[in-house]
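K.L.:
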Amino acid sequence: SPNPVMSSSSPDSRTDPGPDPVIYGQLFHDMYTERMKSRFVLRQREMPNGVRPSTVHPSYTPQAAKVVSSRLQHSISFKVTHKHTVVVEYVPDSNTDLFQIGRSTEPPIDFVVTGADPAAVSRFSCRIVCSRTPPYSARIYAAGFDDSNNIVLGEKAAKWRTADGHMDALTTNGVLVMNPGPGFGSSEPGLWKEVSVCGDIFTLRETRAAQKRGAKVKGESNLLVDGSLVDLCGVMLLWRSTEGLSLSPTDALLESYRQELNSERPQCPVGYYTLSFPSRPPQLDFLKPDQTPGLKLDPKQPWVYMRCGHVHGYLRWGNQCPMCRTNSVCVPLWLGLERGFYVDSEKPTHALAPCGHVCSQRTAEYWSHDVHGFQALCPFCLKPLDTQTPYVQLIFQTPY
């Protein structure tokens, strides 16, 4: 099936290209580098490629072996013991589209991701199955099919037989999902849970790779909703629905906000020169933070003292704000330009601490929540937020 990761249309020999394909939603990757996409659009495929479970082979019979060895058929193998393997056949499902995420660059993977510790991210981490008919629901499952269309759960993987006699399992490092409280942007974050290979939801294990699964959560499903976070052991993905994303600022609106900030001619209150937000932040590789200290900044770059919010140009003043004498670290300001991380379309007025990414107040408030043992991170760069002052309102001095 055609790869759906197309941000612009390509030349087409057809005179009538037909209606635009349905967009199921978008995934936003919070560890952008020049080597990786930060946004993945899930579009309805021209031809469905979904699969669904079918025949269960309770032992590794010749028929089961034939299924596993066929590159034309999908299957999941559960290695219960060294001598006992359960194989589940998967057959084509014309009602769904399948999308896969992982570290592998092989063709079965639609969205390639990696983290600070690449080995922690599975080559075939997870899969998302989208319904081709309204309301175009999207569901997430742990593990993805490899280039032989197989998923193999080894002896060390946590696995069990379900009440209806089928098999299920958790992957080695797990796929965690957190749905927002009453909605994306809510002040009440949800709970992190783990999704299984077959899509059931469980409480977290004692450790990430423990063989004993958590308790099954009744009334919960693997349905992705606007604002769902997916943790692939070092890589965080944010799911935005088409409807929810319509409430976020467009790229054009973010650019207009930047121009508006600059048109107000903010000044350095010490040097009395005009400050200006750059059109694009530098292409920092957040996987290699040690390469950024020597970064050369524009002399007009705005800086902020993180405890008080006073905006200055770069000063060799030390860690004390010259305006209010507050002791504080001073960092450069960057406008957060990935629209998917915004919870509203309001003007950028606050900076996340200590990285200096600028966004709207509600966006800063939302991402500053510690979520039940998981430290709050800046969505734009993955740096841990200050536990005491995770964000600050910016105070500009203008000539008016």
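Position 153, counted from 1, in the sequence shown is what the UniProt record's numbering calls 153; the numbers after and before it change by one each time, with no gaps. For glycine and all other residues, C-beta sits at the position ideal for the given N, C-alpha and C. It should be emphasised that the depicted structure is a prediction, and the values quoted were computed from it without experimental measurement.
1) When the Cα of V195 is compared with those of G183, G185 and T172, which residue comes out closest?
2) Could you give the C-beta distance for L275 and P302, rounded to a whole number, given that I count them as a contact under 8 Å?
3) Would you be able to state if there are at least three C-beta pairs under 8 Å between the region 221-228 and the region 88-99?
4) Measuring CB to CB, does L254 end up less than 8 Å from L337?
5) Would P58 and V86 qualify as a contact pair, given that the criterion is a beta-carbon distance under 8 Å?
6) Judging by CA-CA distance, which residue of C330, A364 and Y391 is the nearest neighbour of S345?
7) Here's the rule I'm using: 16 or more other beta-carbon atoms within 10 Å means buried, otherwise exposed. How should K156 be labelled?
8) Can you name, in chain order, every residue of its own chain whose Cβ lies under 6 Å from the Cβ of N179, other than the five neighbours on each side?
9) What is the rounded straight-line gap between the Cα of Y257 and the Cα of W192?
10) Which partner residues does D168 have in the DSSP bridge list?
11) On the premise that L245 lies in contact with Q44, defined as a C-beta separation below 8 Å, what is that separation, rounded to the nearest angstrom?
12) Would you call the region 145-163 and the region 69-86 in contact, with 3 or more CB pairs under 8 Å?
13) Within the continuous beta strand (DSSP E) that includes K193, where are the two ends?
14) From the DSSP output, which residues share a beta bridge with F202?
15) Kindly indicate which three-state DSSP category W239 falls into: helix, strand or coil?
16) May I have the straight-line CA-CA distance separating A120 from Q393, to the nearest angstrom?
17) Provide the residue(s) that pair with K79 in DSSP beta bridges, ordered along the chain.
18) Hey, which unbroken runs of the beta strand (DSSP E) at 3 residues or more fall wholly within the region 311-365?
19) Alpha carbon to alpha carbon, how far is T389 from R307?
P.N.:
With the structure as the only source:
1) T172
2) 4 Å
3) no
4) yes
5) yes
6) A364
7) exposed
8) G190, V225 and S228
9) 34 Å
10) W160
11) Rounded, the Cβ-Cβ distance is 16 Å, inconsistent with contact.
12) yes
13) W192 to V195
14) E194 and K216
15) strand
16) 36 Å
17) T85
18) 330-332, 350-352 and 357-359
19) 7 Å
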